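S.K.: Starting off with a structure, shown below.
2 protein chains.
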Amino acid sequence: MTRSTAQRVAAVLRERVERGDLPPGSQLSEEALGLDLGVSRNTLREAFRLLAHESLVEHRLNRGVFVRVLGPDDVIDIYRVRGALESAGVRAAALAPPALREAVTTAVTEAEWAADDGDWPAVATADLAFHRALAGLSASPRVDAAMDRLLAELRLAFHTMPSPRRFHEPFLVRNRAIEQLLAKGEYARAETELTTYLDDARQLIVDTMREERR
Amino acid sequence: MTRSTAQRVAAVLRERVERGDLPPGSQLSEEALGLDLGVSRNTLREAFRLLAHESLVEHRLNRGVFVRVLGPDDVIDIYRVRGALESAGVRAAALAPPALREAVTTAVTEAEWAADDGDWPAVATADLAFHRALAGLSASPRVDAAMDRLLAELRLAFHTMPSPRRFHEPFLVRNRAIEQLLAKGEYARAETELTTYLDDARQLIVDTMREERR
DNA sequence: CCCTTGAGGATTGTTGAACAACATCCTAGC
DNA sequence: GCTAGGATGTTGTTCAACAATCCTCAAGGG
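Below, the structure written as structure tokens:
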């Protein structure tokens, strides 16, 4: 048992949130969850703080913690930061260790395999891994950590997307295109390609959210 | 009382750390600090989590929390991320709201005033505000938050610098130079100038740390 | 002499209960 | 219909206790 109880509780809650079991906006009652998971309120509160740190839940003073609700503004902002981090990764690709460059290729390939299987949740995961790998080209622990937090947040927005397939399928070929440009050393073109890619994806999500909100 | 007790305790500890009262590496004992500040261990632990979130302290399981010790690797990494965020800000400068652009100029001016007064701690603060303003040109809450965390971390490294004056003085004129380039709309030149600026600053800190460690 | 081993002490991790502080809802009164 | 004020439930904080873990240091064997 190398992890604390609070960390294990946080892991359970994280999974429930990511699976959509705890929908955005729902309150996490200290008493109810404590009884459910068999931990004390104090420990549960520590777990809440860990999740709040990942922006998965929101802590309002004297009101409790709630599963985060993302608005269009949040999505726009997330994509802005992603743009900065992933672009920096692409610019650093030339100097990146081979292992990091291979991680990009691997992620693209796995997304294509998952698509062949029709496993769209897996495609979503592999797609995020691809972008994580792009940012990872910077070889920076802090960039990696920031990227992990951003993508975890973004998963919350995915819950509002009706069809994972319609959202992810068009981007598969574009993932591969960027990967090819990187392999050929055409970093400038890869970066512009990535920028329009992110703009399109963002627009798609924002439009969908605005549709839903009616 | 709009802030919780834990937040107030965290603020006190944050100040002690930033003032060098609690030197890097020292342990924050739960019992001793609880007695000192008049709060229970549980509340103190909550404050510790908040500080750990800012990377000011480090939490080791079953061992307690310690004031963060920065190594050369950390400084290098922090400057890498700073480079990405501040560069992105400079690239976004053309589209940034006037208020954000003015914040850049204000920070440079305040740094110069503080230097005239010989108040070098204030110069350090204004210098950080300048770089925060550069990143702020992206107009992104998440970039702002990330930048705040990075600069708070970096303050820890400043404690190992012997003379604030020798470190900050040479960069004052370069701050102004970058600000001028931005004002003239020469964004590309501003970006390359910024990049070499950050490289130099990083090198200075890293060299100093390696000196100290003997 | 060095290394391993184990007991002891100190600190953190976790619990449960209790009370205070706060937000919300409902009702009484105008 | 609206405001004031109490009722109720939740979170915020404290306290005391015990369990789990780590560190130190000394005893013992090689």
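Listed in order, the protein sequences are those of chains V and L. The first sequence runs 1 to 214 under full-length UniProt numbering. The second sequence runs 1 to 214 under full-length UniProt numbering. Even for Gly, the Cβ is constructed at its ideal location relative to N, Cα and C. Owing to the predicted nature of the structure, the values given are computational and were not obtained by experimental measurement.
Just to make sure I have the definition right: I need the residues of chain V whose C-beta is within less than 9 angstroms of the C-beta of residue 80/L. Which are they?
M.R.: The answer, in chain order, is 88, 92, 138, 139, 140, 142, 143.
S.K.: Would a check of beta-carbon distances place residue 61/V closer than 8 angstroms to chain L?
M.R.: Yes, contact with chain L.
S.K.: Closer than 8 angstroms, CB to CB, is residue 85/V near chain L or not?
M.R.: Yes, contact with chain L.
S.K.: Is it buried or exposed for residue 173/L, if we count other Cβ within 10 angstroms and need 16 for buried?
M.R.: When all chains shown are included, residue 173/L counts as exposed.
S.K.: To the nearest angstrom, how far is it from the Cα of residue 44/L to the Cα of residue 91/L?
M.R.: Each residue's Cα considered, the two are about 42 angstroms apart.
S.K.: Could one say the Cβ of residue 96/V lies closer than 8 angstroms to chain L's Cβ atoms, at least one of them?
M.R.: Chain L contact via Cβ: absent.
S.K.: What does the Cβ neighbour count give for residue 40/V, buried or exposed, with the cut at 16 atoms within 10 Å?
M.R.: Exposed is the call here.
S.K.: Residue ranges of each beta strand (DSSP E) run of no fewer than 3 residues wholly in the UniProt domain "HTH gntR-type" (3 to 70) of chain V, ordered along the chain?
M.R.: Fully enclosed beta strand (DSSP E) runs of 3 or longer: 57 to 60, 64 to 67.
S.K.: Report yes or no: is there a C-beta of chain V within less than 8 angstroms of the C-beta of residue 46/L?
M.R.: Yes, because at least one Cβ of chain V sits closer than 8 angstroms to the Cβ of residue 46/L.
S.K.: Provide the residue span of the alpha helix (DSSP H) that contains residue 94/V, from first to last.
M.R.: Element bounds for residue 94/V: n/a, residue is neither H nor E.
S.K.: Taking the CB atoms as reference points, tell me whether residue 14/L and residue 37/L lie closer together than 8 angstroms.
M.R.: Cβ distance not < 8 angstroms, so residue 14/L and residue 37/L don't count as in contact.
S.K.: Does DSSP put residue 162/V in a helix, in a strand, or in coil?
M.R.: Residue 162/V falls in the coil class under three-state DSSP.
S.K.: Are the Cβ atoms of residue 133/V and residue 144/V separated by less than 8 angstroms?
M.R.: Contact flag unset, no.
S.K.: Residues of the segment 168 to 190 of chain V with a CB closer than 8 angstroms to any CB of chain L: list them in chain order, please.
M.R.: Per Cβ criterion, the list is empty.
S.K.: Quick check on DSSP: helix, strand or coil for residue 86/V?
M.R.: The answer is helix: DSSP assigns residue 86/V an H, G or I state.
S.K.: Decide yes or no for the touch test of the segment 190 to 207 of chain L against the segment 106 to 120 of chain L: beta carbon pairs closer than 8 angstroms, at least 3 of them.
M.R.: Not touching, per the Cβ criterion.
S.K.: From residue 83/L to residue 147/L, what distance separates their C-alpha atoms?
M.R.: C-alpha separation (whole angstroms): 11 angstroms.
S.K.: Which whole-angstrom value is the C-beta distance of residue 69/V and residue 25/V, which I expect to be below 8 angstroms?
M.R.: Their Cβ separation, rounded to whole angstroms, is 5 angstroms, which keeps residue 69/V and residue 25/V in contact under 8 angstroms.
S.K.: Please list, in chain order, all residues of the same chain as residue 208/L whose beta carbon is under 7 angstroms from its beta carbon, the five residues on each side excluded.
M.R.: Excluding positions up to five away in sequence, the list reads 160, 161.
S.K.: Taking Cβ positions, are residue 149/L and residue 87/L nearer each other than 8 angstroms?
M.R.: Against a cut-off of 8 angstroms, the Cβ pair of residue 87/L and residue 149/L comes out as no contact.
S.K.: With DSSP collapsed to three states, give me the class of residue 191/V.
M.R.: Here residue 191/V sits in helix by DSSP.
S.K.: Using the beta-carbon of each residue, which ones in chain V are nearer than 9 angstroms to residue 4/L?
M.R.: Ordered by position in chain V, the residues that pass the 9 angstroms Cβ test against residue 4/L are 61, 62.
S.K.: Once you ignore the five residues that flank residue 8/V on each side, which residues in its own chain have a CB closer than 7 angstroms to its CB?
M.R.: So the list is empty, once near-sequence residues are dropped.
S.K.: Just verifying my parser: in three-state terms, what is the DSSP assignment at residue 137/L?
M.R.: Three-state result, residue 137/L: coil.
S.K.: Measure from the C-beta of residue 155/L to each C-beta in chain V and report whether the shortest distance is under 8 angstroms.
M.R.: It does not; no Cβ of chain V falls within 8 angstroms.
S.K.: Under 7 angstroms Cβ-Cβ, which residues of chain L neighbour residue 77/V?
M.R.: Under the 7 angstroms cutoff, chain L gives 140, 141, 142.
S.K.: On the CB-based measure, 16 or more other CB atoms within 10 Å of its CB, does residue 89/V come out buried or exposed?
M.R.: Buried, by the Cβ-count rule.
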